[in-house]
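Novice: Residue numbers (our numbering), protein chains in the order written: chain A, 1042 to 1272; chain B, 4 to 452. From the three backbone atoms N, C-alpha and C, an ideal C-beta is built for every residue, glycine too. All values derive from a computational prediction rather than experimental measurement. My structure is below; once you've seen it, I'll send some questions.
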């Protein structure tokens, strides 16, 4: 594996949570590397630490120790504003529970990352482009007619596709998905996986967490996490 | 931009936001109404005191009075910054209806009605002679009789709506006024013989200053006659005070300072003159200082009311804090989502402060509008309540209050609105800062949904 081709590296990641007076060690020295354009599935039983690992990879959480590198850059060295920029530009998140803002329409939810990353004046300059791209993404994901709906007016599958559109809005280099089909029936879940496969064929790097072996098999590579370590 | 959009949506879509908005509106409404009425009453009271006193008073609290007032009045009259000067006799006495055994204690004020009307608003306080104050002491029924002007409450009672029942003309009423003449040294002038001076005056007019104590205590007499009654018309004539009105544009404090300087020089020039020691007890005061005992009580009430409503303001902060705590707690998922797309902690706080600002501004607007409508109709509402339920905010037969003040002060309004918005921002700041400090993953946990 050529180092130049690695987009994401994790070295000796440790993470624990306090539980009462005790301390639960969730990750116990995880090493991981993901190549650019790769579709990786992380599998493991419930409580094995796979979601925690995904959150650490996307800097939504901090490890107790260990290093996460993106394009060779140590993310722990980034300041808070650089981390915000990283979350905004470099990665897109897809969550099990969709996590759309109820007060915004589907279209607004999709172009939210562009709004969040721009000043008022910057937004005025980019709003036309952002709305156009958001509509295109929704069209591509079959939600063209749902753009002005509110998230609660959508089915689970539609909400997840809206969440994928939002994750792709800023054309991130890395897409992180946490149990993206975990809350959907098998038919709808399969539709979401087809979207991922299509994105992957287009060169998108994807790291997906799932507890379902059948879902994981759709990825290029499967990493199994057992008791906080890669098996 | 998302901050503005989300703040507006939070305000419109969340019913709990309306609760915060209504809480702010109610507080603004209450504070505006109470402060307008209270400030209006104090302002009205001060204006009446100012009009009653003039701008500046050279006077003494001693009943012996002070001499050479004519010389000093003449000096004052020659100054450019002074518009009017009026010497006044001040003492106490007894008044009784002729041939009546019953008498009441009163304050005797001896004036020249023309000069006193120029220095104060005396002419406007008269009922029958307001157009011609020079005839204030000439009873309409017989101008040759010595007249007296009575504080209105000494003669007339008010009905429950505060209206006096005037007769078309003053009725012929003889009043015996008794004074205790004092020498320049303060001893009774006629000790050993007849210690009092009594003279009969005839009711010629009433004076309604709007100051309850004045209107129920003061009897105005012609200057020279009051001077004789009080024993101040000896070889060296004395009076109790000189009321002064400055020309328009003259600063009150600067005017008083100039009079003070003049008075010091005048006292020095009279050193060694007969009864000159009485000049040392004379003070030069602005109308505010002269009436401070009366005004201070009212201002104290205003401070107490303001303090009480500051507590209401604190309650608002607490209500807004609780409401925002609930809103922010319910919105922790949104905070996680926003952070996951790169929104900073500062911008999360900014979003909720934006929201708080909107609650504050719309709550204040609603409260101000309601307060304005209420105040515009407050006198009508009170009249309706009195007509149907016999309720009055102030019993007009007791309090010298006409209409309830309803003019909203722009300054007071601005302070209230700024405080309301600041209260909202303060109430929103702590919960939103706490929420913004959470790691994104904490907010997005399933248990938080």
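Between the Cα of residue 87 of chain B and those of B/131, B/170, B/436 and B/253, spot the shortest distance and give me the residue it belongs to.
Specialist: Looking at the Cα atoms, B/253 is the closest of the given residues.
Novice: Nearest-angstrom Cα distance between residue 1227 of chain A and residue 367 of chain B?
Specialist: Each residue's Cα considered, the two are about 53 angstroms apart.
Novice: Examine the Cβ distances between the region 101–114 of chain B and the region 28–38 of chain B and report whether three or more of them are shorter than 8 angstroms.
Specialist: They do not touch, by the three-pair rule.
Novice: Distance cutoff 9 angstroms, beta carbons only. Does residue 293 of chain B sit that close to anything in chain A?
Specialist: It does not; no Cβ of chain A falls within 9 angstroms.
Novice: Establish whether the CB of residue 347 of chain B and some CB of chain A are separated by less than 9 angstroms.
Specialist: So yes, residue 347 of chain B belongs to the interface.
Novice: Any contact between the region 219–236 of chain B and the region 177–185 of chain B? By contact I mean 3 or more CB pairs, one from each, below 8 angstroms.
Specialist: With the cut-off at 8 angstroms, the region 219–236 of chain B and the region 177–185 of chain B touch.
Novice: Following the continuous beta strand (DSSP E) through residue 292 of chain B, name the residue where it begins and the one where it ends.
Specialist: Unbroken run through residue 292 of chain B is the alpha helix (DSSP H), 290–293; no beta strand (DSSP E).
Novice: For residue 15 of chain B, which three-state DSSP category applies?
Specialist: Helix, per DSSP.
Novice: Taking C-beta pairs closer than 9 angstroms, name the residues in chain A that residue 34 of chain B reaches, listed in chain order.
Specialist: In chain order: nothing, as chain A lies at least about 32 angstroms away.
Novice: Contact criterion: CB-CB distance below 9 angstroms. Does residue 444 of chain B meet it with respect to chain A?
Specialist: True, the Cβ-Cβ gap to chain A drops below 9 angstroms.
Novice: Can you tell me the Cβ-Cβ gap for residue 150 of chain B and residue 142 of chain B, rounded? I've got them flagged as a contact below 8 angstroms.
Specialist: Confirmed, Cβ separation roughly 5 angstroms.
Novice: Rounding to the nearest angstrom, what Cα-Cα distance links residue 1216 of chain A and residue 1266 of chain A in this structure?
Specialist: One C-alpha to the other measures close to 19 angstroms.
Novice: Quick check on the burial criterion: 16 or more other C-beta atoms within 10 angstroms. Buried or exposed for residue 124 of chain B?
Specialist: Buried, since its Cβ has 16 or more Cβ neighbours within 10 Å.
Novice: Tell me the rounded alpha-carbon separation between residue 8 of chain B and residue 14 of chain B.
Specialist: Distance between the alpha carbons of residue 8 of chain B and residue 14 of chain B: 10 angstroms.
Novice: In whole angstroms, what separates the C-alpha of residue 78 of chain B from that of residue 85 of chain B?
Specialist: Those two C-alpha atoms are separated by around 10 angstroms.
Novice: Express the C-alpha separation of residue 242 of chain B and residue 92 of chain B in angstroms, rounding to a whole number.
Specialist: Taking the straight line joining both Cα atoms gives about 5 angstroms.
Novice: Closer than 8 angstroms between beta carbons: that is the criterion. Which residues of the region 1153–1164 of chain A meet it against chain B?
Specialist: Within the region 1153–1164 of chain A, the qualifying residues are 1153, 1154, 1156, 1157, 1158, 1159, 1161 and 1164.
Novice: Quick one: grab the DSSP three-state call for residue 146 of chain B.
Specialist: Residue state, collapsed to three classes: coil.
Novice: Answer yes or no: does any C-beta atom of chain A fall closer than 9 angstroms to that of residue 4 of chain B?
Specialist: Yes, because at least one Cβ of chain A sits closer than 9 angstroms to the Cβ of residue 4 of chain B.
Novice: Excluding the 5 residues flanking residue 159 of chain B on each side, which residues of the same chain have their C-beta closer than 8 angstroms to its C-beta?
Specialist: Excluding positions up to five away in sequence, the list reads 167, 168, 169 and 209.
Novice: If you draw a straight line from the alpha carbon of residue 133 of chain B to that of residue 284 of chain B, how long is it in whole angstroms?
Specialist: Taking the straight line from one Cα to the other gives about 35 angstroms.
Novice: At 3 residues or longer, and completely inside the region 201–280 of chain B: list those beta strand (DSSP E) runs for me, N to C.
Specialist: You should have 221–225 and 244–249.
Novice: I'd like the list of long-range same chain contacts for residue 258 of chain B, defined as Cβ closer than 7 angstroms, with 5 residues on each side in sequence excluded.
Specialist: 58, 59, 84 and 249, listed in sequence order.
Novice: Short check: CB of residue 1131 of chain A to CB of residue 1052 of chain A, under 9 angstroms?
Specialist: Contact: no.
Novice: Compute the Euclidean distance between the alpha carbons of residue 330 of chain B and residue 20 of chain B, then round it to the nearest angstrom.
Specialist: Each residue's Cα considered, the two are about 8 angstroms apart.
Novice: Do the region 1172–1187 of chain A and the region 1117–1128 of chain A touch if we need at least three Cβ pairs shorter than 8 angstroms?
Specialist: Cβ pair count under 8 angstroms is below three, so no.
Novice: Which bits of chain B does residue 1121 of chain A rub up against, with CB to CB less than 8 angstroms?
Specialist: What residue 1121 of chain A touches in chain B: 347 and 348.
Novice: Who are the near neighbours of residue 1151 of chain A in its chain, counting only those whose CB is closer than 7 angstroms to its CB and skipping five residues on each side?
Specialist: Counting only Cβ-Cβ distances below 7 angstroms, and skipping sequence neighbours, we find 1175, 1178, 1179, 1203, 1206, 1207 and 1210.
Novice: Determine the DSSP secondary structure at residue 1077 of chain A, reduced to helix, strand or coil.
Specialist: In the structure shown, residue 1077 of chain A sits in coil (DSSP, three-state: anything other than H, G, I, E or B).
Novice: With distances taken from CA atoms, which of B/12, B/152 and B/206 is nearest residue 126 of chain B?
Specialist: Looking at the Cα atoms, B/152 is the closest of the given residues.
Novice: Considering residue 1181 of chain A, what are the terminal residues of the alpha helix (DSSP H) in which it resides?
Specialist: Its alpha helix (DSSP H) spans residues 1161–1181.
Novice: What does the alpha-carbon distance come out to for the pair residue 89 of chain B and residue 119 of chain B?
Specialist: So the two alpha carbons sit approximately 5 angstroms from each other.
Novice: Roughly how many angstroms lie between the CA atoms of residue 430 of chain B and residue 372 of chain B, to the nearest whole one?
Specialist: Distance between the alpha carbons of residue 430 of chain B and residue 372 of chain B: 23 angstroms.
Novice: Could you check if residue 1193 of chain A is buried or exposed, using at least 16 other CB atoms within 10 Å of its CB as the buried criterion?
Specialist: Burial call: exposed.
Novice: Would the region 321–328 of chain B and the region 425–443 of chain B be scored as touching if the rule is three or more Cβ pairs under 8 angstroms?
Specialist: These segments touch.
Novice: What residues from the region 317–342 of chain B come within 8 angstroms of chain A, judged by C-beta to C-beta, listed N to C?
Specialist: Those would be 336, 337, 339, 340, 341 and 342, in chain order.
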